[in-house]
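Novice: In the numbering used here, the protein residues as written are 15 to 411.
No residue lacks a Cβ here, since even glycine has one placed at the ideal position from N, Cα and C.
Computed from a predicted model, the values in this text were never measured in an experiment.
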Amino acid sequence: MNGRAQRAFDVLVVGAGPVGAAAALMLARKQWRVAVVERQDLTQLRAPREDASYDLRVSAISPASRALLARLGVWAALPSERVCPYREMRVWHQGGRAEMHFDSALLAAPDLGSIVENRLLQSAMLRQLSALPGVELITGSALAALERQEERVRLTTVDGETLSARLLIAADGRGSAVREALDLPVLSGAYRQRAIVVNVDTERPHRHTAWQRFLQTGPLAFLPLANGQSSIVWSADEPRADELMALDDDAFRQALGAAFEHRLGAVTGCSERAAFELSWHAAERWLDHRVLLIGDAAHGVHPLAGQGVNLGFGDVALLDALLDAGEGPWQRRQLRRFERQRKAETFAATQLFSALKWVYGQPHPALALLRDAGMALVDRQTLIKRWIVDNALRNLA
Ligand SMILES: Cc1cc2nc3c(=O)[nH]c(=O)nc-3n(C[C@H](O)[C@H](O)[C@H](O)COP(=O)(O)OP(=O)(O)OC[C@H]3O[C@@H](n4cnc5c(N)ncnc54)[C@H](O)[C@@H]3O)c2cc1C
Numbered sequence: 015m016n017g018r019a020q021r022a023f024d025v026l027v028v029g030a031g032p033v034g035a036a037a038a039l040m041l042a043r044k045q046w047r048v049a050v051v052e053r054q055d056l057t058q059l060r061a062p063r064e065d066a067s068y069d070l071r072v073s074a075i076s077p078a079s080r081a082l083l084a085r086l087g088v089w090a091a092l093p094s095e096r097v098c099p100y101r102e103m104r105v106w107h108q109g110g111r112a113e114m115h116f117d118s119a120l121l122a123a124p125d126l127g128s129i130v131e132n133r134l135l136q137s138a139m140l141r142q143l144s145a146l147p148g149v150e151l152i153t154g155s156a157l158a159a160l161e162r163q164e165e166r167v168r169l170t171t172v173d174g175e176t177l178s179a180r181l182l183i184a185a186d187g188r189g190s191a192v193r194e195a196l197d198l199p200v201l202s203g204a205y206r207q208r209a210i211v212v213n214v215d216t217e218r219p220h221r222h223t224a225w226q227r228f229l230q231t232g233p234l235a236f237l238p239l240a241n242g243q244s245s246i247v248w249s250a251d252e253p254r255a256d257e258l259m260a261l262d263d264d265a266f267r268q269a270l271g272a273a274f275e276h277r278l279g280a281v282t283g284c285s286e287r288a289a290f291e292l293s294w295h296a297a298e299r300w301l302d303h304r305v306l307l308i309g310d311a312a313h314g315v316h317p318l319a320g321q322g323v324n325l326g327f328g329d330v331a332l333l334d335a336l337l338d339a340g341e342g343p344w345q346r347r348q349l350r351r352f353e354r355q356r357k358a359e360t361f362a363a364t365q366l367f368s369a370l371k372w373v374y375g376q377p378h379p380a381l382a383l384l385r386d387a388g389m390a391l392v393d394r395q396t397l398i399k400r401w402i403v404d405n406a407l408r409n410l411a
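1. Around the C-beta of SER202, are 16 or more other C-beta atoms found within 10 angstroms, so that it is buried, or is it exposed?
2. Could you work out which residue in ALA84, ARG267, ALA204 is closest to TRP294 when comparing CA atoms only?
3. To the nearest angstrom, report how far apart ALA74 and LYS371 are at their CA atoms.
4. Let me check understanding here. Comparing Cα to Cα, which of PHE367, VAL247, GLY283 lies closest to ALA289?
5. Compute every distance between the C-beta of ASP247 and the non-hydrogen atoms of ligand 1, then say whether any falls below 6 Å.
6. Would you check whether ligand 1 has a heavy atom nearer than 6 Å to the C-beta of GLY34?
7. The beta strand (DSSP E) that contains ASN213, what's its start and end?
8. Can you tell which of ASP393, ARG53, GLN163 has its C-alpha closest to the C-alpha of LEU151?
9. Cβ of LEU59 versus every heavy atom of ligand 1: is any distance shorter than 6 Å?
10. Could you check the C-alpha separation between ASP412 and LEU135 for me, to the nearest Å?
11. Tell me whether the beta-carbon of LEU292 lies closer than 7 Å to the beta-carbon of GLN207.
12. Can you give me the Cβ contacts of GLY271 inside the same chain, cut-off strictly under 7 Å, excluding the 5 residues immediately before and after it?
13. Could you have a look at PRO77 and say whether DSSP puts it in helix, strand or coil?
14. Just to confirm, is the Cβ distance from PRO233 to LEU318 under 7 Å?
15. Are ALA179 and GLY34 close, meaning C-beta to C-beta below 7 Å?
16. Can you tell me whether ASP500 is helix, strand or coil according to DSSP?
17. Would you check if the segment 40-54 and the segment 17-30 touch, i.e. whether three or more CB-CB distances between them fall below 8 Å?
18. Please look up how many angstroms separate the CB atoms of THR223 and GLU102, rounded, as I've assumed it's under 8 Å.
19. With respect to 6 Å, is the separation between the Cβ of VAL14 and the closest non-hydrogen atom of ligand 1 below this value?
20. Run through the DSSP bridge pairs and tell me what THR170 is partnered with.
21. Measuring straight from C-alpha to C-alpha, what distance separates ARG111 and ARG141?
22. Between GLY314 and ARG188, how many whole angstroms is the CB-CB distance? I'm expecting something under 8 Å.
23. If you follow the alpha helix (DSSP H) that ALA382 is in, where does it begin and where does it stop?
24. Would you tell me roughly how many angstroms separate the C-alpha atoms of MET259 and ALA363, rounded to the nearest one?
25. Could you check whether HIS107 and PHE228 sit closer than 7 Å to each other, using their CB atoms as the reference points?
26. Sorry if obvious, but does the Cβ on GLU418 come closer than 6 Å to a heavy atom of ligand 1?
27. Determine the DSSP secondary structure at GLY283, reduced to helix, strand or coil.
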């Protein structure tokens, strides 16, 4: 401790990732005094930056998440020329002939979602946060200690600053330090896959379509970017991912084109690559005396459906709705209700994506036939397709 005075807030948010930033914005717009503590130094992101190259990390933002971001003033702060709506989705698999085609026209919706670079999203959120009077944004400083009393929770940062509030929201991601400090139980499993991300140029245009091919070694997605490139998320079993990461650019482009069955012609250019370990997790308790987990701190899914951050935004949207009716964001009854509802919804999504990953990973020819039959059936049934699209637009809620 360096002797600095303790500062009091209504809510403390640990983590200014997309979900923590959205939660802080939502609370500050309801006039609560919020302090956000973020480990990374985000100074560069606070100012809009002209950067021609596209971020390797992008998110497929669902219409429901977009509506939340619009309410928070974030959507309008994004550079619209870099946001790419996708209107169609095509899904097919290795070893079969069937294909599923989803079209936003099915629901008379303008699109199925938008692809946004994570860097731009986070920058827009931080700028909005900095502009709100009730928000204290402390970046480049992590949580060091937590202490809970009957009425308040007290956080000390690694710089020795002490902050207190009636509620602490942990949005500090997969390895949540808050979750670990409180020893909250979590179910988890490794997929033994890595997701390779890379931006590529293709011979033919992406047609504002999100493409996904399920390979036996993992799903491969091509997501459309506003500059005409495609953002790739190629999830592959670890040995295959290691092989792919070791290839030179020419060999990688060829391997990628072949895995995608050259649906957009040859892959003619590619950026650098990055790889992420894949696992799932689900916290068994989200609420524990004056502490609430949200976002990846509470749940983590396979990226095959592009739903991770959307599920986190779904957490914030429900908090937004429940807290409207309450007297303060620390009301136990509302928070319990939130925990019950979101825990069930996100756990169902976690299991669904794990099951899909398993079903499409099985090499047995009988399963390939079954997958084919299932996909062909879904593709023929407008009602089923409409139901799937409708649920996807609403974040599987
Ligand atoms: C390859 C890949 C592709 C993906 N694609 C999509 C997609 O298309 N659509 C989608 O919806 N989701 C996608 N996801 C998932 C998505 O990235 C995550 O679900 C999302 O980032 C979770 O947001 P969050 O704010 O909860 O956590 P994070 O983004 O992890 O943010 C946590 C924040 O907390 C900070 N922090 C951590 N510890 C501390 C500490 N001790 N003190 C202070 N601060 C701390 C971190 O610095 C970070 O800023 C993808 C994931 C991967 C791996």
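Specialist: Considering the structure as presented:
1. exposed
2. ALA204
3. 19 Å
4. VAL247
5. Note on residue identity: the sequence assigns Val, not Asp, to residue 247. Correct: VAL247 has its Cβ closer than 6 Å to ligand 1.
6. yes
7. 200-216
8. ARG53
9. no
10. Within the shown structure, residues of the chain are numbered from 15 to 411, placing residue 412 beyond reach of any answer.
11. yes
12. ALA280, VAL281
13. helix
14. yes
15. no
16. No information on residue 500 is available, as it lies outside the stretch 15 to 411 that the chain covers here.
17. yes
18. 4 Å
19. For the chain, the structure presents residues 15 to 411; residue 14 sits outside this window and is missing.
20. ALA159, THR176
21. 48 Å
22. 5 Å
23. 379-394
24. 29 Å
25. yes
26. The chain is shown only over 15 to 411; residue 418 falls outside these bounds and no answer can be derived.
27. strand
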